[in-house]
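Report on one structure; see the data block that follows.
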Amino acid sequence: MDEREPTMVSPAALAETGVVEVEPTAWSETEEFEPEPFDDSRRRNWLISGVIFAATAAVAGLAAGGAYVFLHQDRTPPTPQLVTATVVESKTLPPPVAVPPPPPTMSRAPIELPVEYGHALVQTRSGKTACSVRADSVACYVQFVIPTPIRSGMPANIVGVRSNGLVEWAIGDPGQLHFGAMSYGTTYHALGWTITPTSDETTFTNDATGHGMTVSVENVRVF
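Those letters in the sequence shown? Residues 1 to 223, by full-length UniProt numbering.
Pasting the structure below:
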(Lines of atoms letter the chains of each structure in order from A and count residues from 1; the text may use other names and numbers.)
(Lines give C-alpha, C1' and ligand atoms only; values in the text may rest on other atoms or scores of the structure.)
Protein backbone atom coordinates (compact mmCIF):
# COMPACT_ATOMS: atom_id res chain seq x y z
CA MET A 1 0.00 0.00 0.00
CA ASP A 2 1.41 3.33 -1.08
CA GLU A 3 2.10 5.99 1.53
CA ARG A 4 0.45 9.23 0.82
CA GLU A 5 1.70 12.62 1.47
CA PRO A 6 -0.11 14.41 4.22
CA THR A 7 -2.24 17.19 3.04
CA MET A 8 -3.36 20.38 4.58
CA VAL A 9 -7.10 20.77 4.91
CA SER A 10 -8.31 24.30 4.87
CA PRO A 11 -10.73 25.53 7.36
CA ALA A 12 -13.23 26.36 4.68
CA ALA A 13 -13.25 22.75 3.56
CA LEU A 14 -13.84 21.59 7.09
CA ALA A 15 -16.67 24.00 7.41
CA GLU A 16 -18.32 22.59 4.31
CA THR A 17 -18.08 19.06 5.65
CA GLY A 18 -19.59 20.04 9.01
CA VAL A 19 -16.51 19.14 10.98
CA VAL A 20 -15.78 21.35 13.93
CA GLU A 21 -13.19 23.87 13.20
CA VAL A 22 -9.89 23.06 14.68
CA GLU A 23 -6.63 24.75 14.58
CA PRO A 24 -4.63 23.72 11.48
CA THR A 25 -2.02 21.22 12.32
CA ALA A 26 1.11 20.84 10.43
CA TRP A 27 2.09 17.33 9.60
CA SER A 28 5.57 16.34 8.87
CA GLU A 29 7.43 13.23 8.06
CA THR A 30 9.40 13.43 11.20
CA GLU A 31 8.54 11.46 14.28
CA GLU A 32 5.63 12.91 16.16
CA PHE A 33 6.73 14.96 19.19
CA GLU A 34 4.52 14.92 22.22
CA PRO A 35 5.37 17.74 24.62
CA GLU A 36 6.02 16.66 28.18
CA PRO A 37 3.69 18.05 30.73
CA PHE A 38 5.04 21.12 32.58
CA ASP A 39 6.34 20.07 35.93
CA ASP A 40 7.92 22.76 38.13
CA SER A 41 7.87 21.71 41.81
CA ARG A 42 9.10 25.06 43.10
CA ARG A 43 6.37 26.94 41.32
CA ARG A 44 3.78 24.42 42.47
CA ASN A 45 4.90 24.78 46.08
CA TRP A 46 4.80 28.57 45.76
CA LEU A 47 1.30 28.42 44.34
CA ILE A 48 0.15 26.10 47.13
CA SER A 49 1.68 28.39 49.76
CA GLY A 50 0.03 31.38 48.14
CA VAL A 51 -3.34 29.69 48.15
CA ILE A 52 -2.94 28.71 51.82
CA PHE A 53 -1.81 32.23 52.72
CA ALA A 54 -4.72 33.76 50.84
CA ALA A 55 -7.17 31.41 52.56
CA THR A 56 -5.67 32.17 55.97
CA ALA A 57 -5.79 35.90 55.30
CA ALA A 58 -9.40 35.62 54.21
CA VAL A 59 -10.34 33.71 57.36
CA ALA A 60 -8.48 36.23 59.52
CA GLY A 61 -10.19 39.08 57.72
CA LEU A 62 -13.58 37.54 58.27
CA ALA A 63 -12.82 37.00 61.96
CA ALA A 64 -11.57 40.57 62.38
CA GLY A 65 -14.59 41.92 60.56
CA GLY A 66 -16.93 39.90 62.73
CA ALA A 67 -15.20 41.09 65.90
CA TYR A 68 -15.35 44.70 64.71
CA VAL A 69 -19.04 44.37 63.93
CA PHE A 70 -19.69 42.68 67.29
CA LEU A 71 -17.79 45.28 69.26
CA HIS A 72 -19.21 48.23 67.36
CA GLN A 73 -22.75 47.08 66.97
CA ASP A 74 -25.41 49.52 68.06
CA ARG A 75 -26.22 48.48 71.59
CA THR A 76 -29.17 49.88 73.43
CA PRO A 77 -27.77 52.19 76.12
CA PRO A 78 -28.81 51.31 79.68
CA THR A 79 -31.75 53.17 81.04
CA PRO A 80 -30.43 55.99 83.20
CA GLN A 81 -31.33 55.61 86.85
CA LEU A 82 -33.22 58.47 88.36
CA VAL A 83 -31.28 59.93 91.25
CA THR A 84 -33.33 61.69 93.86
CA ALA A 85 -31.32 64.56 95.25
CA THR A 86 -32.38 66.19 98.46
CA VAL A 87 -31.77 69.88 98.24
CA VAL A 88 -31.22 71.48 101.58
CA GLU A 89 -32.12 75.08 101.36
CA SER A 90 -29.70 77.08 103.37
CA LYS A 91 -31.17 80.07 105.00
CA THR A 92 -29.10 82.86 106.32
CA LEU A 93 -30.14 83.41 109.85
CA PRO A 94 -30.39 87.00 110.95
CA PRO A 95 -27.70 88.08 113.36
CA PRO A 96 -28.72 87.73 116.97
CA VAL A 97 -30.19 90.83 118.41
CA ALA A 98 -28.07 92.13 121.19
CA VAL A 99 -30.21 92.47 124.25
CA PRO A 100 -29.09 95.43 126.28
CA PRO A 101 -28.29 94.55 129.86
CA PRO A 102 -30.93 95.54 132.34
CA PRO A 103 -30.28 98.85 133.98
CA PRO A 104 -28.68 98.57 137.36
CA THR A 105 -31.22 98.24 140.08
CA MET A 106 -31.54 101.49 141.83
CA SER A 107 -31.86 100.74 145.49
CA ARG A 108 -34.62 102.92 146.76
CA ALA A 109 -33.87 104.96 149.76
CA PRO A 110 -35.63 103.66 152.87
CA ILE A 111 -38.83 105.40 153.82
CA GLU A 112 -38.45 107.47 156.97
CA LEU A 113 -41.10 106.70 159.54
CA PRO A 114 -42.70 109.47 161.58
CA VAL A 115 -41.41 109.73 165.14
CA GLU A 116 -43.64 110.80 168.08
CA TYR A 117 -42.58 111.10 171.69
CA GLY A 118 -39.20 109.58 170.92
CA HIS A 119 -40.38 106.43 169.18
CA ALA A 120 -41.86 105.17 165.86
CA LEU A 121 -44.78 102.76 165.94
CA VAL A 122 -45.08 100.18 163.11
CA GLN A 123 -46.84 96.87 162.53
CA THR A 124 -47.07 94.14 159.89
CA ARG A 125 -50.00 94.09 157.50
CA SER A 126 -51.36 91.01 159.26
CA GLY A 127 -51.43 92.95 162.56
CA LYS A 128 -49.83 90.02 164.43
CA THR A 129 -46.57 91.89 165.07
CA ALA A 130 -46.54 95.50 166.33
CA CYS A 131 -43.28 97.22 167.28
CA SER A 132 -42.02 100.36 169.00
CA VAL A 133 -38.70 101.63 167.63
CA ARG A 134 -36.47 103.79 169.87
CA ALA A 135 -32.96 105.00 169.32
CA ASP A 136 -31.39 102.37 171.63
CA SER A 137 -33.87 99.45 171.27
CA VAL A 138 -36.80 97.82 169.50
CA ALA A 139 -39.69 96.12 171.34
CA CYS A 140 -42.37 94.07 169.54
CA TYR A 141 -45.75 92.77 170.69
CA VAL A 142 -46.13 89.39 168.96
CA GLN A 143 -49.00 86.89 168.85
CA PHE A 144 -46.62 83.95 169.24
CA VAL A 145 -47.65 80.43 168.30
CA ILE A 146 -44.53 78.95 169.92
CA PRO A 147 -43.57 78.57 173.58
CA THR A 148 -41.86 81.67 175.00
CA PRO A 149 -40.07 82.37 178.28
CA ILE A 150 -42.35 82.75 181.35
CA ARG A 151 -42.58 86.18 182.83
CA SER A 152 -44.71 86.70 185.99
CA GLY A 153 -46.17 83.24 185.52
CA MET A 154 -47.25 83.88 181.96
CA PRO A 155 -45.67 83.28 178.56
CA ALA A 156 -43.96 86.43 177.33
CA ASN A 157 -45.69 88.25 174.50
CA ILE A 158 -43.07 91.00 174.11
CA VAL A 159 -39.56 90.49 172.69
CA GLY A 160 -37.02 93.26 172.44
CA VAL A 161 -33.43 93.77 171.27
CA ARG A 162 -31.00 96.52 172.23
CA SER A 163 -28.54 98.16 169.87
CA ASN A 164 -25.76 96.01 171.36
CA GLY A 165 -27.65 92.77 170.50
CA LEU A 166 -29.02 92.02 173.96
CA VAL A 167 -32.45 90.32 173.85
CA GLU A 168 -35.25 90.90 176.44
CA TRP A 169 -38.62 89.16 177.08
CA ALA A 170 -41.59 90.74 178.82
CA ILE A 171 -45.37 90.83 179.28
CA GLY A 172 -47.32 93.86 178.23
CA ASP A 173 -50.34 95.40 176.54
CA PRO A 174 -50.00 97.96 173.76
CA GLY A 175 -53.17 99.66 174.90
CA GLN A 176 -54.46 102.37 172.58
CA LEU A 177 -51.21 102.96 170.70
CA HIS A 178 -51.64 103.54 166.98
CA PHE A 179 -49.21 101.53 164.79
CA GLY A 180 -48.66 102.31 161.11
CA ALA A 181 -48.84 99.31 158.75
CA MET A 182 -45.75 98.53 156.65
CA SER A 183 -45.84 97.19 153.09
CA TYR A 184 -44.04 93.94 152.37
CA GLY A 185 -40.90 94.37 150.27
CA THR A 186 -40.45 98.01 151.25
CA THR A 187 -37.53 99.17 153.38
CA TYR A 188 -38.15 101.63 156.21
CA HIS A 189 -35.92 103.64 158.49
CA ALA A 190 -36.40 105.21 161.89
CA LEU A 191 -34.03 106.50 164.64
CA GLY A 192 -30.96 104.66 163.30
CA TRP A 193 -32.73 101.38 162.58
CA THR A 194 -33.37 99.84 159.15
CA ILE A 195 -36.60 97.84 158.99
CA THR A 196 -37.33 95.24 156.29
CA PRO A 197 -40.76 93.56 156.45
CA THR A 198 -41.77 90.49 154.40
CA SER A 199 -44.84 88.28 154.42
CA ASP A 200 -43.00 85.78 156.64
CA GLU A 201 -40.98 87.91 159.07
CA THR A 202 -39.65 91.38 159.90
CA THR A 203 -35.98 92.28 160.39
CA PHE A 204 -34.65 95.20 162.46
CA THR A 205 -30.98 96.15 162.02
CA ASN A 206 -29.12 98.86 163.93
CA ASP A 207 -27.18 100.97 161.46
CA ALA A 208 -24.33 101.72 163.83
CA THR A 209 -23.68 98.30 165.38
CA GLY A 210 -25.18 95.84 162.89
CA HIS A 211 -27.02 94.08 165.68
CA GLY A 212 -30.72 93.41 165.56
CA MET A 213 -33.33 90.69 165.33
CA THR A 214 -35.69 88.92 162.94
CA VAL A 215 -39.10 88.24 164.43
CA SER A 216 -42.28 86.38 163.44
CA VAL A 217 -45.10 84.54 165.23
CA GLU A 218 -43.12 81.31 164.81
CA ASN A 219 -39.55 82.37 165.51
CA VAL A 220 -37.16 84.98 166.95
CA ARG A 221 -33.54 85.27 165.80
CA VAL A 222 -31.20 87.75 167.43
CA PHE A 223 -27.93 88.79 165.76
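Every residue gets a Cβ at the ideal spot worked out from N, C-alpha and C, and that includes glycine.
By the criterion of a C-beta distance shorter than 7 angstroms, THR203 is surrounded in its chain by THR196, GLY212, THR214, once the five residues flanking it on both sides are discounted. Scanning its chain for C-beta atoms nearer than 6 angstroms, with the 5 sequence neighbours on each side dropped, one finds around SER199 the residues TYR184, in chain order. The beta carbons of PHE144 and VAL217 sit closer together than 8 angstroms. Cβ-Cβ separation between HIS119 and VAL133: approximately 6 angstroms, consistent with a contact (criterion under 8 angstroms). Inclusion of MET154 and ILE171 in the CB contact set at 8 angstroms is warranted, their separation being smaller than that value. Going by beta carbons, ALA139 and THR148 fall outside the 8 angstroms limit.
Just so you know, the alpha carbons of GLY192 and PRO96 end up roughly 49 angstroms apart. Ranking THR129, THR187, GLU116 by CA distance to the CA of ASP173 puts THR129 first. Non-local beta-carbon contacts of THR205 in its own chain, meaning distances under 6 angstroms to residues more than five positions away in sequence, involve THR194, GLY212 in chain order. Rounded to the nearest whole angstrom, the C-alpha separation of THR186 and GLN123 is 13 angstroms. GLU116 and VAL220 have their alpha carbons spaced roughly 27 angstroms apart. Scanning the segment 134-207 from its first residue to its last, the whole beta strand (DSSP E) runs of 3-plus residues come out as 137-142, 158-162, 167-170, 188-190, 193-197, 202-206. In terms of Cβ geometry, LEU177 and LEU121 form a close pair [threshold 8 angstroms]. Approximately 7 angstroms separates the beta-carbon atoms of SER163 and ALA208; this is inside 8 angstroms, confirming the contact.
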